[in-house]
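Chains as they are written, first to last, in our numbering: chain A, 1 to 325; chain B, 326 to 650.
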């Protein structure tokens, strides 16, 4: 028979665009993180094959959609890629784990060049020592990236730190100043388009463009006896309520300082960790011992789940509700 | 101080839409698959905490975007959800593994009701015994779902089956007739909108709406000594080239039967498995012993990577190139 003619929708080529792209990503990843260890299979088969120790598997997913979580007039495609992987790693950090592997589902409009997006993903993979071991490339009306990340604890160690473990009298900490990302976004928005590049390395702008996952902080807090932990992705004043909800407790915060109050409470995407612990000196000593910035004490866990106060006022449940319509 | 006023973009509410949604999914999942085993944490924390045995971890991701991989004029949102989880499970099946857990990143336009989408995801989670243990909900310009799935092999068993293991003289099988999904799509397209519901349970339409992951088939083939395996997602005539490329071999196929030739070769999304094996009788006996439909022998692996023939003609590399522009 003659070779079959392609039906509508089929294309013919020596290799598909997807296959070529996979080759590029595999090579670029190897340049940053080396080849897969003996016995492991990373990108290029139906699924990755990964060795796993005796401990539990942590697993999470997060997604970043252009125009929803990132304004490509203000940040680069590389920043979007960085963010997508880093915010998923942050979820692992918030359990006290270390990231191990990522798989990445990417959607891009036809004709767009996803190269910078991939670069940002690879930069984050290198920064968090989290190789991209598989992925999926797809057409989509806007740029979007969904990342799933595995995480591990060391063998025989303290268990993963959940949101639900806070007890009355525990001390509440955050790992750093809140509101930086929101302040950086405000700075970018107020700048003329032509001058935005000048702000690229401004610390607040950088906090918005290249959020950090607090992996060492989460790991250290878990080992120092943290009772509950989560990352601040939607803003302290909604995420702190979530931790209190999960734990069935209340909280009392003295007045916060730094940035503007609204930004510190409501400005999301800082990815600092909220930590509850019965033993504040142990936490502070562990952070000092690990050469980490001192955690900031923000308040106390209280018994009454109805008590949610800032100073002497109720703290409203404020947060970025961009995530679902 | 007075409670801070919400800056632009912030909303206030007793619980966020996302939190309520998570509660719904958790309850619906428990109704289908029970609660998380002791010691595991599923939906609702920063990351899932999962027990894992001594064997390797399989990990994959796939995504489905409305208008790209699914036409919502022809199939339902529930079908899109089903497909998103099932095609990721198919990747695990193609390594010879069983799915263990899924995490799901969902994007939906503001104001749309994702309920049917979730139902389809949960139906697939129940069908493949693959609990959804975490997720992310986001706004997006169109409905999209990215699913990452873990998979496991039993301890001390044959290793995962890669694409690259085919050797000269191996026999090539597929697990079932190809072209069903393409034929079902054609049937839906040719039907008047008002009559499409009548076709919902037509076997070809069902193959398109509710593709099956060949988990038992892949598991059985691995244990019966398969040397290479992959699933047919983009069409036999591109996926067979991919397997041959990975293995550095050629292939010779006698003429195929069933559906139309072009659909069988080029029509993607059947998710049947391509299996190479040096021991055809062992494969056939194992499928019979597992009460699985007999695998269909389609050809032979040849030594020359340049030989890719159907009958006596070269087989062009045809495939659906919808995946990246």
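Ideal Cβ placement from N, Cα and C applies to all residues, glycine included.
Closer than 7 Å at the beta carbon, the chain A residues around residue i
i: residue 349 of chain B; result: Within chain A, no residue comes near residue 349 of chain B; the closest Cβ sits about 12 Å away, beyond 7 Å.
i: residue 577 of chain B; result: Residues of chain A passing the Cβ test: none, with the nearest at roughly 14 Å.
Helix, strand or coil at residue i according to DSSP, with G and I counted as helix
i: residue 314 of chain A; result: strand
i: residue 358 of chain B; result: helix
i: residue 275 of chain A; result: strand
i: residue 648 of chain B; result: Since pLDDT at residue 648 of chain B reaches only 39, below the 50 mark, its modelled position is unreliable, and no value is offered.
i: residue 157 of chain A; result: coil
i: residue 534 of chain B; result: helix
i: residue 390 of chain B; result: strand
i: residue 499 of chain B; result: strand
i: residue 231 of chain A; result: strand
i: residue 56 of chain A; result: coil
i: residue 326 of chain B; result: Residue placement at residue 326 of chain B cannot be trusted, given a pLDDT of 35 that sits under 50; what the coordinates show is reported in the next sentence. The answer is coil: DSSP assigns residue 326 of chain B none of H, G, I, E or B.
i: residue 304 of chain A; result: coil
i: residue 573 of chain B; result: coil
i: residue 656 of chain B; result: Missing from the structure shown is residue 656 of chain B; chain B here goes from 326 to 650 and no further.
i: residue 90 of chain A; result: helix
i: residue 107 of chain A; result: strand
i: residue 566 of chain B; result: helix
i: residue 454 of chain B; result: coil
i: residue 506 of chain B; result: helix
i: residue 540 of chain B; result: helix
i: residue 118 of chain A; result: helix
i: residue 463 of chain B; result: strand
i: residue 617 of chain B; result: coil
i: residue 124 of chain A; result: helix
i: residue 493 of chain B; result: coil
i: residue 592 of chain B; result: coil
i: residue 512 of chain B; result: helix
Whole-Å CB distance - residue i paired with residue j, under 8 Å assumed
i: residue 395 of chain B; j: residue 404 of chain B; result: 7 Å
i: residue 139 of chain A; j: residue 110 of chain A; result: 6 Å
i: residue 590 of chain B; j: residue 560 of chain B; result: 6 Å
i: residue 116 of chain A; j: residue 77 of chain A; result: 4 Å
i: residue 449 of chain B; j: residue 410 of chain B; result: 4 Å
i: residue 328 of chain A; j: residue 471 of chain B; result: Within the shown structure, residues of chain A are numbered from 1 to 325, placing residue 328 of chain A beyond reach of any answer.
i: residue 237 of chain A; j: residue 318 of chain A; result: 4 Å
i: residue 158 of chain A; j: residue 222 of chain A; result: 5 Å
Contact list for residue i against chain B, beta-carbon separation under 7 Å
i: residue 135 of chain A; result: 386
i: residue 146 of chain A; result: 388, 430, 471
i: residue 92 of chain A; result: 372
i: residue 101 of chain A; result: 384
Any C-beta of chain B under 8 Å from that of residue i
i: residue 208 of chain A; result: no
i: residue 56 of chain A; result: yes
i: residue 30 of chain A; result: no
i: residue 52 of chain A; result: yes
i: residue 43 of chain A; result: no
i: residue 150 of chain A; result: yes
i: residue 231 of chain A; result: yes
i: residue 73 of chain A; result: no
i: residue 122 of chain A; result: no
Proximity test, Cβ basis, 8 Å: residue i and chain A
i: residue 520 of chain B; result: no
i: residue 465 of chain B; result: yes
i: residue 540 of chain B; result: no
i: residue 374 of chain B; result: yes
i: residue 393 of chain B; result: yes
i: residue 623 of chain B; result: no
i: residue 488 of chain B; result: yes
i: residue 450 of chain B; result: no
i: residue 613 of chain B; result: no
i: residue 485 of chain B; result: yes
Cross-chain neighbours of residue i in chain B, by beta carbon under 9 Å
i: residue 118 of chain A; result: Ordered by position in chain B, no residue passes the 9 Å Cβ test against residue 118 of chain A, which lies about 12 Å from the chain.
Residue i CB to nearest heavy atom of the ligand ZN below 7 Å
i: residue 278 of chain A; result: Ligands displayed in this structure: none; no statement on the ligand ZN is therefore possible.
With contact counted as at least three CB pairs below 8 Å, one residue from each stretch, are the segment 475-482 of chain B and the segment 377-385 of chain B in contact? yes
Quiz item: Using 8 Å as the Cβ pair cut-off and three pairs as the minimum, do the segment 285-296 of chain A and the segment 188-195 of chain A touch?
Solution: no
_Tell me whether the segment 416-427 of chain B and the segment 158-174 of chain A touch, counting them as touching only if at least three CB pairs, one residue from each stretch, are closer than 8 Å._
no
Self-check item: Three or more C-beta pairs below 8 Å linking the segment 21-36 of chain A and the segment 156-169 of chain A
Solution: no
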